[in-house]
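Protein chains in written order, with our numbering: chain A, 265 to 550; chain B, -2 to 160. Glycine is no exception: its CB is placed at the ideal position from the N, C-alpha and C atoms. In this text the structure is predicted, and so the values were computed from the model without any measurement.
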């Protein structure tokens, strides 16, 4: 199908973008990479009166490291993040996740901000942001605020963004000593949305998991932090007993959906598989 | 500020190196612009939701989905289609290898397969069969079962490494 007609605006500054959002209210949609919005337009699931194309706003695609952490601009292309030495060094969880995000021809246009704000429950980046306790930077006319990732996701395709606000970047805290990351995903075919994915970030000490953040995608309405499984593994080595207990705890953490891609039981099983693999990988080599 | 309540926009870009200036509807996808307005029909329209890959083109040197890119977004860009890339000769060996290996039947996916395979080989001159399948995972073929396509790309990779 083809989209319904819409007006098109290409603001040169954030202030111009805010004016357009004021003018159209809920009838405008922001266009970043367009890799989720344009399919919705094509299928007429979205019929906005206007698109506000923010692709040419200056400076929003930067990837910068400063003492407080790694900042990834909202307009950084997913492929640029995949290839960024700064991301590989300071946010290895994100670097590991990026090859799982769709396909090259979508990553060249798809943006970090778009992926974060789309809030698809099966997407990789939101789970990484929650696991890394990252902060989302949001701007509106004359004001800015920061929202912790864990409080950003409110439901399927639903975030804490308010009308008139634009997501401008993601701030990932600097890696602390002893922390390791492991991203893993199971999908029917490479590049598909995850059936289940796990963003795991943990502090390892003497071969044991001192503390862990385990965030799953594809198993709920938002990224799901598995608090019971985190508690079950903390202070432990990933031996068979630990993995079994963690798996049972994980069952209590998750209430995965059933859909045409997988049953709830299959998702539970796959989540346990990913958890075992991640805990083993995180502690490998001491 | 650019744009008005008018739903058409004037754009200027290059397509296969040639300057193009047109007024397009904002909702016009890049692939429809290429096919309907410029009558370059080698880029194909399949799913219109980014899944099948048949509309793949290059925008400013990077592969992109023609169905998920609006023509207005390409104002100022350099767009390349299979017509331009084939005419340049840069994929002549790949095209020949596809023919030899029977790597196409109906041909609907072939232009995008060629562009994607060429990009894959530029990034990885010695891919394994598994790496090729992963690299093609965003491009559907409903005829060949992919095996002959993988064979053609492996053969091209070997030839390019030896010349």
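Under 8 Å between C-beta atoms of residue i and residue j
{"i": "residue 301 (chain A)", "j": "residue 377 (chain A)", "result": "no"}
{"i": "residue 48 (chain B)", "j": "residue 71 (chain B)", "result": "no"}
{"i": "residue 453 (chain A)", "j": "residue 459 (chain A)", "result": "no"}
{"i": "residue 33 (chain B)", "j": "residue 306 (chain A)", "result": "no"}
{"i": "residue 17 (chain B)", "j": "residue 28 (chain B)", "result": "no"}
{"i": "residue 507 (chain A)", "j": "residue 450 (chain A)", "result": "no"}
{"i": "residue 60 (chain B)", "j": "residue 91 (chain B)", "result": "no"}
{"i": "residue 341 (chain A)", "j": "residue 375 (chain A)", "result": "yes"}
{"i": "residue 337 (chain A)", "j": "residue 433 (chain A)", "result": "yes"}
{"i": "residue 271 (chain A)", "j": "residue 23 (chain B)", "result": "yes"}
{"i": "residue 390 (chain A)", "j": "residue 399 (chain A)", "result": "no"}
{"i": "residue 462 (chain A)", "j": "residue 493 (chain A)", "result": "no"}
{"i": "residue 277 (chain A)", "j": "residue 321 (chain A)", "result": "yes"}
Cβ-heavy atom distance, residue i to the ligand MN, below 7 Å
{"i": "residue 311 (chain A)", "result": "Because no ligand of any kind appears in the structure shown, any question about the ligand MN cannot be addressed here."}
Endpoints, the beta strand (DSSP E) within which residue i is located
{"i": "residue 78 (chain B)", "result": "No beta strand (DSSP E) contains residue 78 (chain B), which DSSP labels as neither H nor E."}
{"i": "residue 405 (chain A)", "result": "Premise fails: residue 405 (chain A) is in no beta strand (DSSP E) and is neither H nor E."}
{"i": "residue 455 (chain A)", "result": "Premise fails: residue 455 (chain A) is in no beta strand (DSSP E) and is neither H nor E."}
{"i": "residue 478 (chain A)", "result": "472 to 481"}
Minimum Cβ-Cβ distance from residue i to chain B less than 8 Å
{"i": "residue 270 (chain A)", "result": "yes"}
{"i": "residue 444 (chain A)", "result": "no"}
{"i": "residue 298 (chain A)", "result": "yes"}
{"i": "residue 345 (chain A)", "result": "no"}
{"i": "residue 455 (chain A)", "result": "yes"}
{"i": "residue 372 (chain A)", "result": "yes"}
{"i": "residue 356 (chain A)", "result": "no"}
Residue i classed as buried or exposed, judged by whether at least 16 other C-beta atoms fall within 10 angstroms
{"i": "residue 410 (chain A)", "result": "exposed"}
{"i": "residue 519 (chain A)", "result": "exposed"}
{"i": "residue 269 (chain A)", "result": "exposed"}
{"i": "residue 121 (chain B)", "result": "exposed"}
{"i": "residue 103 (chain B)", "result": "exposed"}
{"i": "residue 388 (chain A)", "result": "buried"}
{"i": "residue 9 (chain B)", "result": "exposed"}
{"i": "residue 224 (chain A)", "result": "No answer is possible for residue 224 (chain A): the residues shown for chain A start at 265 and end at 550."}
{"i": "residue 362 (chain A)", "result": "buried"}
{"i": "residue 317 (chain A)", "result": "buried"}
{"i": "residue 309 (chain A)", "result": "exposed"}
{"i": "residue 349 (chain A)", "result": "exposed"}
{"i": "residue 136 (chain B)", "result": "buried"}
{"i": "residue 499 (chain A)", "result": "exposed"}
Cutoff 8 Å: residue i Cβ touching any chain A Cβ
{"i": "residue 94 (chain B)", "result": "no"}
{"i": "residue 69 (chain B)", "result": "yes"}
{"i": "residue 156 (chain B)", "result": "no"}
{"i": "residue 61 (chain B)", "result": "yes"}
Where the alpha helix (DSSP H) containing residue i begins and where it ends
{"i": "residue 507 (chain A)", "result": "504 to 517"}
{"i": "residue 381 (chain A)", "result": "376 to 382"}
Exercise for the section: Report yes or no: do three or more beta-carbon pairs, one from the segment 30 to 49 of chain B and one from the segment 94 to 101 of chain B, lie closer than 8 Å? Expected result: no
Does the contact criterion of 3 or more C-beta pairs under 8 Å hold for the segment 537 to 550 of chain A versus the segment 464 to 483 of chain A?
yes
Counting Cβ pairs, one atom from each stretch, are 3 or more of them under 8 Å apart for the segment 328 to 335 of chain A and the segment 284 to 291 of chain A? no
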